[in-house]
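Trainee: Before anything else, here's the structure in question.
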Amino acid sequence: MSPVRFTRVRTAGLAGALCVALLLPMAAGAKPFVPDDDGAVLERLPVKADPALAELKRQRAALARSPMEARLADAVARRAIAASRASGDPRYLGQAQAALAPWWNVADPPAAILVLRATIRQSLHDFRGALADLDGLLAARPFDGQALLTRATVLTVQGRYDEAKRDCAKLARLAAEIVTSACLAGPTSLSGNAEGAYRALASALSRADGDAAVRAWALTLAAEIAARVGDPGAADTHFRAALAADPRDAYTRGAYADFLLDEDRAPEVAAMLGDDVRNDALLLQLVLAEARIPHARAALDAHRADLAARFAAARQRGDTVHRREEARYRLEIEGDAAAALALARANWDVQREPADLRILAAAAKAAGDAAARKAVTDWIASRGLEDRRTALLAGAQR
Amino acid sequence: MKRLVALLLLLAACTATPVQAHKSSDAYLTLIRDGTALSGQWDIALRDLDNALDLDADGNGEITWGELRARRADVAAYALARLVVSAAGETCPLTTTAQLVDRHTDGAYAVLMLAGKCARGGATLAVDYRLFADLDPQHRGLLNYVENGTSRSVVFAPEAPRQIVGGDTGGPLAQILTYVHEGVWHIWLGFDHVLFLVSLLLPAVLVRRDGAWQPASAFRASFVDVAKIVTAFTLAHSITLSLAALDVVALPSRWVESAIAASVVLAALNNLVPVVAGGRWVAAFAFGLIHGFGFAGALADLGLPPGRWRCRSPASTSAWNWASWRSSQAFFHLPSRSAAGRSTAASC
Numbered sequence: 055m056s057p058v059r060f061t062r063v064r065t066a067g068l069a070g071a072l073c074v075a076l077l078l079p080m081a082a083g084a085k086p087f088v089p090d091d092d093g094a095v096l097e098r099l100p101v102k103a104d105p106a107l108a109e110l111k112r113q114r115a116a117l118a119r120s121p122m123e124a125r126l127a128d129a130v131a132r133r134a135i136a137a138s139r140a141s142g143d144p145r146y147l148g149q150a151q152a153a154l155a156p157w158w159n160v161a162d163p164p165a166a167i168l169v170l171r172a173t174i175r176q177s178l179h180d181f182r183g184a185l186a187d188l189d190g191l192l193a194a195r196p197f198d199g200q201a202l203l204t205r206a207t208v209l210t211v212q213g214r215y216d217e218a219k220r221d222c223a224k225l226a227r228l229a230a231e232i233v234t235s236a237c238l239a240g241p242t243s244l245s246g247n248a249e250g251a252y253r254a255l256a257s258a259l260s261r262a263d264g265d266a267a268v269r270a271w272a273l274t275l276a277a278e279i280a281a282r283v284g285d286p287g288a289a290d291t292h293f294r295a296a297l298a299a300d301p302r303d304a305y306t307r308g309a310y311a312d313f314l315l316d317e318d319r320a321p322e323v324a325a326m327l328g329d330d331v332r333n334d335a336l337l338l339q340l341v342l343a344e345a346r347i348p349h350a351r352a353a354l355d356a357h358r359a360d361l362a363a364r365f366a367a368a369r370q371r372g373d374t375v376h377r378r379e380e381a382r383y384r385l386e387i388e389g390d391a392a393a394a395l396a397l398a399r400a401n402w403d404v405q406r407e408p409a410d411l412r413i414l415a416a417a418a419k420a421a422g423d424a425a426a427r428k429a430v431t432d433w434i435a436s437r438g439l440e441d442r443r444t445a446l447l448a449g450a451q452r
Numbered sequence: 055m056k057r058l059v060a061l062l063l064l065l066a067a068c069t070a071t072p073v074q075a076h077k078s079s080d081a082y083l084t085l086i087r088d089g090t091a092l093s094g095q096w097d098i099a100l101r102d103l104d105n106a107l108d109l110d111a112d113g114n115g116e117i118t119w120g121e122l123r124a125r126r127a128d129v130a131a132y133a134l135a136r137l138v139v140s141a142a143g144e145t146c147p148l149t150t151t152a153q154l155v156d157r158h159t160d161g162a163y164a165v166l167m168l169a170g171k172c173a174r175g176g177a178t179l180a181v182d183y184r185l186f187a188d189l190d191p192q193h194r195g196l197l198n199y200v201e202n203g204t205s206r207s208v209v210f211a212p213e214a215p216r217q218i219v220g221g222d223t224g225g226p227l228a229q230i231l232t233y234v235h236e237g238v239w240h241i242w243l244g245f246d247h248v249l250f251l252v253s254l255l256l257p258a259v260l261v262r263r264d265g266a267w268q269p270a271s272a273f274r275a276s277f278v279d280v281a282k283i284v285t286a287f288t289l290a291h292s293i294t295l296s297l298a299a300l301d302v303v304a305l306p307s308r309w310v311e312s313a314i315a316a317s318v319v320l321a322a323l324n325n326l327v328p329v330v331a332g333g334r335w336v337a338a339f340a341f342g343l344i345h346g347f348g349f350a351g352a353l354a355d356l357g358l359p360p361g362r363w364r365c366r367s368p369a370s371t372s373a374w375n376w377a378s379w380r381s382s383q384a385f386f387h388l389p390s391r392s393a394a395g396r397s398t399a400a401s402c
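Residue numbers (the numbering used here), protein chains in the order written: chain A, 55 to 452; chain B, 55 to 402.
Take a look at the structure:
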């Protein structure tokens, strides 16, 4: 017993604590060792800084005692999904799935469980499975608001905008105006009416108060639309407001980082992300930013090696959810256009968000691949997509 | 109103993009086989171990070396209870010889050094990996199997917890050889098939004459008789095995197993009270159809993940059949290696 906590650093926030834990392990899997001090801190658990995670842990313990209790399983899965969303940590997604284990392979679980299962499947990029769950649920309960919203999201990711809009329209009677507007803004802004979608969303935002997470979601959407149509001033304002409403949200931070990179504001990306590099997507953005900052060489080398190791680990376990990020890494960091194009193509077959089209366009341009470029321009023409930068990439070789 | 609140809570989960994430939960397992000796290393994330075993004894959100060291036995027991390595149907006992620490890109890992022994030979090893299957179905076990200087990677998921490694370097030919090997072992372990064949084959070499069993006089006649029966059996079970493996036909295993048991009894009774004499190959064919469904169950036990089953099955299934045929023949040549001597009955 010699509790000498020599690595203990008192820091107010989560980020500080995490970065200390993560500065050390940059060299991945170097060589196993025996620490020479019992007090040496090996790992800092995220639960420490987050009361919601402590509650999740408590609920999971209760569920372990009675795993068939649907209400308890529902609560655990919900909380775990929220944790996974906030942190971008897939381990929580696995915990959510584990909570639903008794119903995971069952044909007709209770409605509340089914919508959670669909949400998890969506997050694992099993869009077909998610849609099958939601179709079944909505056939039985056509006005389940959560199911409608989730299905609209999945349909939007797949580029099925008309169907998504129909689901969103049904939400009007079931959810707050801001939820309906945000739901509609996604598919509407991607199918020829970015301006209208933006105006409707902005006006709903001006009337809405309430839940910070919902506001942050709507504000991020507004920012992304503004960025696509080429209004960086509005985009920046919305992004900042979104981060003020929910500063920890990993998606918003990532979207803002993308925007800043586009605007040649790389130093701000590095400043915002700091050393919070547990999230793969954020680590990629940090690497992209550091590659553009002349004096960030040392940090870049370490982060780049770390990122490459994570892509390798994901490939080893057979994951395909990182293809968009990996395509970008191959193209912008390694300059391997052919590999980037193959990844971007495979990714595009599965998910069709603006960012997926953008990397496909960039890789097609770099590789000089006319067929891939045509696929991009065809999509833009057929859906009426308004995305200034993607259009530039696709049209530049004409 | 309540509904709306629930809606908002989950909202966070389904905004524009699916989760793009930190690293998922992986554990890195290396197994090295050298003769009968097994050694290895198993890296397991402290976060995952804490999830299962509450390593953070003082609850301050930090795992110290002291806390991990104090739970060494628990960690080893927990992990080893979820990893079974066996050779030729016999478990190779594993122990941990040391506990260390390593850093991976997503944090600190406990490193268990492993040692074990596979007393029985056999070119292949069956590895059954179920770590964290109940706590995080997205966990993957990444095995690096090393033998004779070549290594091979295998991924374990809860849907595919059992895999066969070894006796190959990973190519398609090697896969086929692996299945040949497994097919041979399967026949030896599943003594119901062997008993059935013995019952049918006995009259080929032992002829009932004057109320007593006499050795058959002509080798040629015996050989032809044996070849006919074994070939009929192989053809028949190939048909049903293929149908089952390709999901064309699926029979409940309870019926299949019962029918296989009945076939053994009927074949044996036929020797005591001969009903079918010359046409035993017909019986071999008819019952072989049933045994084929049983083989399909065992093939599934070999750990082919559902997605890969279809694409691998043509080559692997014929390898399996060929092996079964071979080992039926081998059984005839080596009657002293009694299948009944084994305690483990395979599942079909």
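Glycine included, each C-beta is placed from N, C-alpha and C at the ideal position. Note that this is a predicted model, so its numbers are computed, not measured.
For chain A, is any of its Cβ atoms less than 8 Å away from the one on B/D156?
Mentor: So, interface residue.
Trainee: Name the chain B residues whose beta carbon is nearer than 7 Å to that of A/A363?
Mentor: T159
Trainee: Any idea if A/L179 is buried or exposed, counting beta-carbon neighbours within 10 angstroms, 16 or more meaning buried?
Mentor: Reading the sequence as shown, one finds His at residue 179 of chain A and not Leu. Buried, since its Cβ has 16 or more Cβ neighbours within 10 Å.
Trainee: Are A/R377 and A/A363 closer than 8 Å when you measure CB to CB?
Mentor: Their beta carbons are not under 8 Å apart, which means A/R377 does not touch A/A363 by this criterion.
Trainee: Going by DSSP in three states, B/I86 sits in which element: helix, strand or coil?
Mentor: strand
Trainee: With a cut-off of 8 Å, do at least 3 Cβ pairs link the segment 193-203 of chain B to the segment 79-89 of chain B?
Mentor: Between the segment 193-203 of chain B and the segment 79-89 of chain B there are three or more C-beta pairs closer than 8 Å, enough to call the two in contact.
Trainee: List the residues of chain B whose Cβ lies closer than 7 Å to the Cβ of A/P86, in chain order.
Mentor: L154, V155, D156, V165
Trainee: Excluding the five sequence neighbours on either side, which residues of its own chain have a C-beta within less than 7 Å of the C-beta of B/N325, listed in chain order?
Mentor: Once the five neighbours on either side are set aside, the close Cβ partners of B/N325 are S253, L256, P257.
Trainee: Could you give the distance in angstroms between the alpha-carbon of A/G142 and the alpha-carbon of A/A335?
Mentor: A/G142 and A/A335 have their C-alpha atoms spaced approximately 9 Å apart.
Trainee: Strictly under 8 Å for the Cβ-Cβ distance: is B/E311 near chain A by that measure?
Mentor: no
Trainee: Alpha carbon to alpha carbon, what distance is there between B/L100 and B/G161?
Mentor: 8 Å
Trainee: Report, in whole angstroms, the separation of the C-beta atoms of B/L179 and B/V139, which I expect to be a contact under 8 Å.
Mentor: 6 Å
Trainee: Output needed for A/E322: all residues of its chain with C-beta closer than 6 Å, excluding positions within five of it in sequence on either side, in chain order.
Mentor: L314
Trainee: Per DSSP, which residues does B/Y183 bridge with? Please list them.
Mentor: B/L137
Trainee: Once DSSP output is grouped into helix, strand and coil, what is the label at B/N198?
Mentor: strand
Trainee: Between A/D441 and the rest of its own chain, which residues show a CB-CB distance below 6 Å, the 5 nearest in sequence each way excluded?
Mentor: R282, P408
Trainee: So, does the CB of B/S79 fall closer than 8 Å to a CB anywhere in chain A?
Mentor: yes
Trainee: Spell out whether any CB of chain B is found under 8 Å from the CB atom of A/V95.
Mentor: yes
Trainee: My understanding is that A/G93 touches B/T118, with C-beta atoms under 8 Å, so please give their C-beta distance in whole angstroms.
Mentor: 6 Å
Trainee: Which residues, in chain order, does the segment 185-198 of chain B contribute to contact with chain A at a C-beta distance below 7 Å?
Mentor: D188, L189, D190, P191, Q192, H193, R194, L196
Trainee: Less than 8 Å between C-beta atoms, sequence neighbours within five positions excluded: which residues of the same chain meet that for A/L228?
Mentor: Scanning its chain for C-beta atoms nearer than 8 Å, with the 5 sequence neighbours on each side dropped, one finds around A/L228 the residues F197, G199, L202, in chain order.
Trainee: Just mark B/T371 as buried or exposed, buried being the case when its beta carbon has 16 or more other beta carbons within 10 Å.
Mentor: Below a pLDDT of 50, predicted positions are generally treated as unreliable, and B/T371, at 45, falls in that range; the measurement from the model is reported next regardless. Result: buried.
Trainee: Consult DSSP for B/P269 and reduce its assignment to one of helix, strand or coil.
Mentor: strand
Trainee: So, with DSSP's three-state summary, where would you put B/G170?
Mentor: strand
Trainee: Using 8 Å as the Cβ pair cut-off and three pairs as the minimum, do the segment 114-130 of chain A and the segment 93-104 of chain A touch?
Mentor: No, because fewer than three Cβ pairs between the segment 114-130 of chain A and the segment 93-104 of chain A fall closer than 8 Å, the two stretches do not touch.
Trainee: So, using beta-carbon positions, are A/A276 and A/L255 closer together than 8 Å?
Mentor: In terms of Cβ geometry, A/A276 and A/L255 form a close pair [threshold 8 Å].
Trainee: Could you work out which residue in A/D128, A/A288, A/L385, A/S177 is closest to A/A153 when comparing CA atoms only?
Mentor: A/D128
Trainee: For chain A, find out if any of its Cβ atoms is closer than 8 Å to the Cβ of B/N216; answer yes or no.
Mentor: According to the sequence provided, residue 216 of chain B is Arg. The question's Asn does not apply to it. Output row for B/R216: interface = no.
Trainee: Whole alpha helix (DSSP H) runs in the segment 147-188 of chain A with 4 or more residues, listed along the chain?
Mentor: Qualifying alpha helix (DSSP H) stretches, in chain order: 155-158, 165-177.
Trainee: Between the alpha carbons of A/V404 and A/Q212, how many angstroms are there, rounded?
Mentor: 7 Å
Trainee: Between which two residues does the alpha helix (DSSP H) carrying A/T306 extend?
Mentor: 304-316
Trainee: For chain B, find out if any of its Cβ atoms is closer than 8 Å to the Cβ of A/L501; answer yes or no.
Mentor: Absent from the structure is residue 501 of chain A, since the part of chain A shown begins at 55 and ends at 452.
Trainee: Out of curiosity, what's the CA-to-CA distance linking A/I167 and B/D112?
Mentor: 35 Å
Trainee: Taking the Cβ atom as the reference point for each residue, do B/L181 and B/V219 lie within a distance shorter than 8 Å?
Mentor: Note that residue 181 of chain B is Val in the sequence shown here, rather than Leu. A contact, by the Cβ cut-off of 8 Å.
Trainee: Give me the residue from B/L323, B/E311, B/V327 with the minimum Cα distance to B/H345.
Mentor: B/E311
Trainee: So if DSSP puts B/Y163 in a beta bridge, which residue, or which two residues, is it bridged to?
Mentor: Per DSSP, B/A99, B/D156.
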